[in-house]
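Protein chains in written order, with the working numbering: chain A, 1 to 346; chain B, 1001 to 1346. Even glycine gets a Cβ: it sits at the ideal position worked out from N, Cα and C. The structure displayed is predicted, hence computed values, not measured ones. First the structure, in the form of C-alpha cells, and then the observations on it.
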C-alpha cells in the first residue's frame, strides 16, 4: 500500500504552468488549484484584514473552498475567506508558505501560532522591486519632481539645481532581506549607507556603518533619507516617534516600506505639513486601506502606494520558486527556508 | 624683465574661494572675477542664444565687461553679452574653457571656430547628475508615478503592479562621458545596456552590447528605454525621426539629455499623445526656452526640465577643478583635456 498523498492547496493566483511545476516536485503531491474560488487580486496576508469578508468576490464557492481547506496539509497563501479560523477549518494543515515577507501582524491578529503549524515568509522575494521603489522615491524628491510638475502646469521654463544622490547619507532601519536589498542599491548609486538592526554582526554588503541603538537619536540629524524596512514588533512600534521625527534633518525624506505602525503617523503628518520634512514615500500605513479622511492624501510632498510596492509582474513566479524549493525540503524532512518565528515576530 | 601676465577672465559664477584656487595655479596668472558684471544665473553656452541680449541683467556694466574681454587670453565661460562677437571683442583670446559638454551648436551658431582659439568642453562634469536624472525619469514611469498622483488626488487606495527596472532593456545613443555615466548607473541597477556610437571599439563598462548602425532600425522595438546622450552633428540631427519613433516598443520611454534636435519633436508629440509611447523625459528641446505654446507642456506622460538636469550644487566646483587642471597644462604647453574638435562637432 503506497503512502497517502500530500495535499497541497494553492490559495494565491499563479500562472497555470506554475501549477504543473509545483506538481512535478514529487509524485507524492496532490496539488489543487481552483482560481475560480480565489479573490480577484492582491496579496493575502499583506496586512490584517479588519473584516472577515475582505477580499471575498464569490460567496457561491465558499463551501467548495471549505472542503479543500479541511483536507489540506500544505497551503501556498493563507485562507482569504476566514483568516482567523484557519486552524479550525484546516485541522490537517502543517505548513503555510506566505506570499508576504512581513506576516507578524497578520499572524498575531488572527491567532495563527500553533505548534503543529510551520509558517514560512516570502522574505527575499520583494527585495528587488521594493529597493527600486525606495530609489524611485529618493530620486523623486532629490530631482524635485513635485516642483517640476508645478512649473510644467504653469508652462514655466525654469532652470533649476537638483540635489545629487551620490554621496548623500541614508539610514536604513531594519536589515532583513528588504533592508539589505535597499542597502545594496543605494550603495550602487553612490550613497553612503548606515544601517540599524536589532542583532549585531558585521555590516552586510553596501552598508558602511552599523549604528548602535544608543547612537540613534544623536545621529538622526545626519541623514538626508531614512528608510524603514523593519518588521513590526513591540520594539519597533512607533520607532519613529514624534521626538525622533523632530530630530530629523530639515528637508529629510522618510520612506516606509516596513509596516505603518513603525511611524507615529500623526507626528509625521505634522512635520510634512509644517515643512520640516522634505517628503515622505509611504507604502504602508497605520490603518490600511488608508482612510479617505487621512491628511496624507492632500500633502503635495507625499507619495502614496497601496501596500503594493513589492508587487511586480515577476513576483508570483518568484514566490513559486521559493515554494518549490521549500516543498523539496518539506518532503525530505529538511528545515524550511524563511521559517517564521513567533517569538521574534518575523 | 619678467614675462607679461596671462590674463584670465572668469565669465561664470564661482565661489569666491575658487577664485583664489585658480589664481594659485601660477604667479604668472592675473585672474579677474567681477560677478556684478555677470548675468544672474544659469549656464552660458548651454544652447545657442537667439537674441544677443539673452541673459543680460545689467547693461550698466557693459563697457567694463567689454574692456575685460579686450585683454583676456583665457576665459572660463563664453561671452554672455554678445556671444557672436567674441573673436572681434577678444582679439587676444587663445582659450575658452566652456561650462557645458555639448558646445557644437553654440560654436557653430556664433561662428567661434578660429585657428588661434582653443575651446575645451566640460565633458565629464555632468555625468553623475545627468545619469541620476535619467534614472529618476526611468523610475518615474516604471513605478507609474503619474498614475499614483492621479489616484492620490482621488484619495483612491489602489494596489498596483509596477514594472521592475532590473532586467529591462535600455538603448543609450551616444557613449561620450555622459552616455558612459548613464550606462554605468543603468548597469548598476541591473538593466541590460546596449550602446550606439559613431566610432567603434570595445563596449565601455556597463554596456553589454554595441549596436551597429545598420542594426538600429531592426533592434529599436527591443528596448523599454531609449536614452539620447549624443552631440548634435549633421549625422545625429533628427536621429530619432518619425519612422524610428513609430518603430519603438509600445509603452517605451524616451529620455533626451543630449540636444533637442536629436529628435523630431513633432513626431514625438504625436506618439506621446497617441499612447504609442509610455512617456518622455526631456531636458532639451528643438527651441529653447521651450515655447509656452508647445503641446509638450500639456502631456501628462512628459517630464520637462529646462536644460538644467546636469546642474547640481557641486557643479561649478567640478568645472573649476577641470579648469585648474587645464590651466596647468596650458601654462606648460601640454595638450588640453576635452579639446573641442570642430570637424566632428564635439
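- Taking the CA atoms as reference points, residue 1187(B) sits about 15 angstroms from residue 1136(B).
- If you draw a straight line from the Cα of residue 1256(B) to the Cα of residue 1310(B), it is about 12 angstroms long.
- In summary, the residues of the region 158 to 184 of chain A whose CB is separated from some CB of chain B by less than 8 angstroms are 158, 159, 160, 161, 162, 163, 164, 165 and 166, in the order they occur in the chain.
- Below the 8 angstroms Cβ cutoff, chain B contributes no neighbours of residue 257(A), its closest Cβ being approximately 12 angstroms away.
- The beta carbon of residue 130(A) does not come within 7 angstroms of any beta carbon belonging to chain B, so the residue lies off that interface.
- Residue 1264(B) and residue 1271(B) have their alpha carbons spaced roughly 11 angstroms apart.
- Per the coordinates, the alpha-carbon of residue 193(A) lies some 12 angstroms from the alpha-carbon of residue 165(A).
- Between residue 11(A) and residue 78(A) the beta-carbon gap is near 6 angstroms, inside 8 angstroms, which marks them as a contact.
- Contact annotation: the region 150 to 162 of chain A does not touch the region 172 to 184 of chain A, with fewer than three C-beta pairs closer than 8 angstroms.
- Within the region 1190 to 1242 of chain B, the runs of alpha helix (DSSP H) at least 4 residues long that lie entirely inside it are, in chain order, 1216 to 1219.
- Proximity of residue 80(A) to chain B, defined by a Cβ-Cβ separation below 7 angstroms, is not satisfied.
- Residues of the region 1303 to 1335 of chain B with a C-beta less than 9 angstroms from any C-beta of chain A: 1303, 1304, 1305, 1306, 1307, 1308, 1309, 1311, 1312, 1313, 1314 and 1315, listed in chain order.
- For residue 151(A), the three-state secondary structure derived from DSSP is helix.
- Against residue 1133(B), the close residues of chain A are 143 and 162, in the order they occur along the chain (beta-carbon pairs closer than 8 angstroms).
- The closest CA to that of residue 1144(B), considering only 1102(B), 1284(B), 1331(B) and 1280(B), is found on 1280(B).
- Counting of Cβ neighbours within 10 angstroms places residue 1037(B) among the buried residues, the total reaching 16 or more.
- Per DSSP, residue 1137(B) is one residue of the alpha helix (DSSP H) stretching across 1127 to 1142.
- For residue 279(A), the three-state secondary structure derived from DSSP is strand.
- Taking a contact to require three or more Cβ pairs closer than 8 angstroms, the region 1084 to 1097 of chain B and the region 1017 to 1031 of chain B do not qualify as touching.
- Residue contact check for residue 1250(B) against chain A: no CB pair falls below 7 angstroms.
- The beta carbons of residue 1324(B) and residue 1025(B) sit closer together than 7 angstroms.
- Between residue 346(A) and residue 104(A), the CB-CB gap stays under 7 angstroms.
- Sequence-distant partners of residue 1231(B) (beyond 5 residues in either direction) whose C-beta falls short of 6 angstroms from its own C-beta, in its chain, are 1102, 1104, 1345 and 1346.
- Under the three-state reduction of DSSP output, residue 157(A) falls in the coil class, being neither helix nor strand.
- Nearest CB-CB separation between residue 297(A) and chain B: below the 7 angstroms threshold.
- In the DSSP secondary-structure assignment, residue 169(A) is bridged to 192(A).
- In this model, residue 1213(B) and residue 1201(B) are separated by some 14 angstroms (Cα to Cα).
- For residue 65(A), the uninterrupted alpha helix (DSSP H) run begins and ends at 62 to 71, by DSSP.
- Straight-line spacing of the CA atoms in residue 1221(B) and residue 1248(B) works out to 5 angstroms.
- Residue range 1265 to 1273 is occupied by the alpha helix (DSSP H) that includes residue 1269(B).
- Residue 282(A) holds the alpha-carbon nearest to the alpha-carbon of residue 305(A) among 294(A), 317(A), 119(A) and 282(A).
- Non-local beta-carbon contacts of residue 1241(B) in its own chain, meaning distances under 7 angstroms to residues more than five positions away in sequence, involve 1264 and 1267 in chain order.
- The beta-carbon of residue 1205(B) is placed no less than 7 angstroms from the nearest beta-carbon of chain A.
- Among the bridge pairs identified by DSSP, residue 1118(B) is matched with 1095(B).
- Residue-level contact by beta carbon holds for residue 1289(B) and chain A, with a gap shorter than 7 angstroms.
- Note on geometry: alpha-carbon atoms of residue 343(A) and residue 80(A) lie some 24 angstroms from one another.
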